[in-house]
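Peer 1: The following block contains the structure, expressed as structure tokens.
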Amino acid sequence: MTQLVPVLSAHWDEKDSFTIEAYTRHGGYKASQKALTMDPDAVIQLVKDSGLRGRGGAGFPTGMKWGFIPQGDNKDHYLVVNADESEPGTCKDTPLLMANPHVLIEGCIIACHAIRAKHAFIYIRGEVTHVVRRMNQAIEDAYKAGHLGNGVELVLHVGAGAYICGEETALLDSLEGFRGQPRLRPPFPAIAGLYARPTVVNNVESIASVPAIIANGAEWYQSMGTEKSKGTTLYSLSGHVNNPGQFEAPLGITLREILELSGGIRTGHTLKFWTPGGSSTPIFTQDHLDTPLDYEGVSAAGSMLGTKALQIFDETTCVVRAVLRWTEFYKHESCGKCTPCREGTWWLVQILRDLEAGKGTEADLAKLLDLCDNILGRSFCALGDGATSPITSSIQYFRDEYISHITHGGCPFDPVASTLFVGAGA
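Rendered as structure tokens:
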């Protein structure tokens, strides 16, 4: 059985884990001191060799992304850390920043050295005031200790709270003071990013993973995980489970193993459906309990690893209602720049509301799938694609439950409805 391996979460149980004193007590900032003595290209190669892949959802190789930054161009280079975590169910970066903000700061120092950048920005959500305060204090302490200010300047930028700003180019526009909307690519950020200068945009967990790689070496990191998905990662378990929380384990662990480690589904209930990577990824059922939770395993099973947000729903949950709530979120958060997403998500909500209330028809199911087909791959960014994922996958696995809403004239899970429908294909 795969075991939990604390790397990022190694000292979260200590009351002062977030302080610079605790971080240095456990060897903090030694990795950045080591990296600063290395050639920048050697740092990039080390990260490439480690197999670290972006933890923001797409899983793009981190070292390869750093290597795209042109050298000798006499331009300013920038590092931007995406801390705009806001997708329903996704909750890994916020606990990380609360428990150990200095590992991100040290990762920023190393990354800046590697890509020859003198300025780094952490873009964080304005709603998480407690995290903003903790990060500001950590940055202040890092400056006082001399880790920042000697070649690297770090700025914490507080966003206004738009989900679309989690998309890297919309984030850059927001950081520049414009309305957060995705940019046309190419040019990609590595060529023309922040202020039209070469820029690396990485997720919090991606950058926070770098100090341990520098300290312990590429082979150490490669020894964990699977053939193509290396290292450990944070799995966020929430929903109908006995012990929700963060579970750091090597990539490739299964949900069955995580549930065993966490005390299982809440007592007296059974698993119905779950998300492997947040609400924007196609849902899974109990038939996928043994799917390896790495990039290749989840993709082969028909979904995406995404942000490793494992939302667990038991048999008491109405899948139509859950999908409606997610779709309302995406409709609300669409920036409106492109027609498929702006208009499509609105219509998805209208049809799902009718179906959930028992006012829909079987023709509406076909219309839903047709709308999803016209949104998927035709939106300016991945928000539109993500909005279709729970709909198409839920109809694939629970079509009978959608039909039951129609035949019952309402939600069969509603206590005022006639009979609880239990025949859905979970």
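Everything in the sequence shown is counted per the numbering used here, starting at 1 for the first residue and increasing by one.
We treat Cβ as the ideally placed atom computed from N, Cα and C, and that holds for glycine.
1. Rounded to whole angstroms, what's the CA-CA distance from T419 to E328? Just pull it up for me.
2. Specify, as a first and last residue, the run of the beta strand (DSSP E) that A309 falls within.
3. Could you check how far apart the C-beta atoms of V200 and A111 are, in whole angstroms? I think they sit under 8 angstroms.
4. To the nearest angstrom, how far is it from the Cα of F398 to the Cα of P61?
5. Could you pull out every residue in the same chain whose Cβ sits closer than 6 angstroms to the Cβ of A120, ignoring the five residues on either side in sequence?
6. Sort S379, F68 and A301 by Cα distance to A190 and report the nearest one.
7. For S86, tell me which candidate among M98, V43 and T307 has the shortest Cα-Cα distance.
8. Are the Cβ atoms of K272 and F313 separated by less than 8 angstroms?
9. Within the same chain, show all residues whose beta-carbon is closer than 7 angstroms to that of L36, passing over the 5 residues directly before and after it, in chain order.
10. Could you check if S223 is buried or exposed, using at least 16 other CB atoms within 10 Å of its CB as the buried criterion?
11. Please name the residue in I258, P250, A387 and Q246 whose C-alpha comes closest to that of T94.
12. Report, in whole angstroms, the separation of the C-beta atoms of N243 and S229, which I expect to be a contact under 8 angstroms.
13. Could you tell me if F178 is buried or exposed, where buried requires 16 or more neighbouring beta carbons within 10 angstroms of its beta carbon?
14. Have a look at the DSSP bridge pairing and note the partners of E153.
15. Any heavy atom of the ligand HEM closer than 7 angstroms to the CB of T2?
16. Taking N216 as part of the alpha helix (DSSP H), name the residues at either end of that continuous run.
17. Is V201 helix, strand or coil when you go by DSSP?
18. What separation, rounded to the nearest whole angstrom, lies between the Cα atoms of G225 and T361?
19. Leaving out five residues before and five after V210 in sequence, what residues of the same chain have Cβ atoms less than 7 angstroms from its Cβ?
20. Count the C-beta pairs between the segment 264-271 and the segment 297-304 that are closer than 8 angstroms, then say yes if the count reaches three, no if not.
21. When burial is assigned at 16 or more other CB atoms within 10 Å of the CB, is E227 buried or exposed?
22. Confirm, please, whether the CB-CB distance from I283 to S394 is below 8 angstroms.
Peer 2: This is what the structure gives:
1. Taking the sequence shown and counting its residues from 1, the one referred to as residue 419 is at position 419. Taking the sequence shown and counting its residues from 1, the one referred to as residue 328 is at position 328. Any answer about T419 is weak, because its pLDDT of 38 lies below 50 and its placement is not dependable; what the coordinates show is given next. Whole-angstrom Cα-Cα distance: 27 angstroms.
2. As a working mapping, residue 309 is identified with position 309 in the sequence shown. Note, A309: beta strand (DSSP E), A309 to D314.
3. The residue given as residue 200 occupies position 200 in the sequence shown. The residue given as residue 111 occupies position 111 in the sequence shown. Right, their Cβ atoms sit about 7 angstroms apart.
4. Translated into positions along the sequence shown, residue 398 becomes position 398. Translated into positions along the sequence shown, residue 61 becomes position 61. Distance between the alpha carbons of F398 and P61 is about 35 angstroms.
5. Position 120 of the sequence shown, counting from 1, holds the residue named residue 120. L79, C108, C112 and L154, listed in sequence order.
6. Walking along the sequence shown from the start, residue 190 turns up at place 190. Closest option to A190, Cα to Cα, is F68.
7. To locate residue 86, count along the sequence shown from 1; it is residue 86. The shortest Cα separation from S86 among M98, V43 and T307 belongs to T307.
8. Here residue 272 refers to the residue found at position 272 when the sequence shown is read from its first residue. Here residue 313 refers to the residue found at position 313 when the sequence shown is read from its first residue. Yes. Within cutoff.
9. Taking the first residue of the sequence shown as position 1, residue 36 is located at position 36. Counting only Cβ-Cβ distances below 7 angstroms, and skipping sequence neighbours, we find H113.
10. The residue given as residue 223 occupies position 223 in the sequence shown. Exposed: under 16 other Cβ atoms inside 10 Å.
11. The sequence position of residue 94 within the sequence shown is 94, counting from 1. Of all alpha-carbon atoms in I258, P250, A387 and Q246, the one lying nearest the alpha-carbon of T94 is that of Q246.
12. Translated into the one-based positions of the sequence shown, residue 243 becomes position 243. Translated into the one-based positions of the sequence shown, residue 229 becomes position 229. Not a contact, Cβ separation roughly 25 angstroms.
13. Within the sequence shown, residue 178 is the residue found at index 178, counting from 1. Exposed: under 16 other Cβ atoms inside 10 Å.
14. Taking the sequence shown and counting its residues from 1, one reaches residue 153 at position 153. DSSP lists H119 as partners of E153.
15. The ligand HEM is not among the ligands present in this structure, which contains no ligands whatsoever.
16. Position 216 of the sequence shown, counting from 1, holds the residue named residue 216. Where N216 is concerned, the enclosing alpha helix (DSSP H) stretches over V210 to N216.
17. As a first step, residue 201 must be located in the sequence shown, where it is residue number 201. Strand.
18. In the sequence shown, counting from the first residue as 1, residue 225 sits at position 225. In the sequence shown, counting from the first residue as 1, residue 361 sits at position 361. Spanning the two alpha carbons is a distance of roughly 46 angstroms.
19. Working through the sequence shown from its first residue, we reach residue 210 at position 210. For V210, where only same-chain residues beyond five positions count, the Cβ hits under 7 angstroms are V47, G107, I110 and A111.
20. no
21. As a position in the sequence shown, residue 227 is number 227, starting the count at 1. Label assigned to E227: exposed.
22. The sequence position of residue 394 within the sequence shown is 394, counting from 1. The sequence position of residue 283 within the sequence shown is 283, counting from 1. Against a cut-off of 8 angstroms, the Cβ pair of I283 and S394 comes out as a contact.
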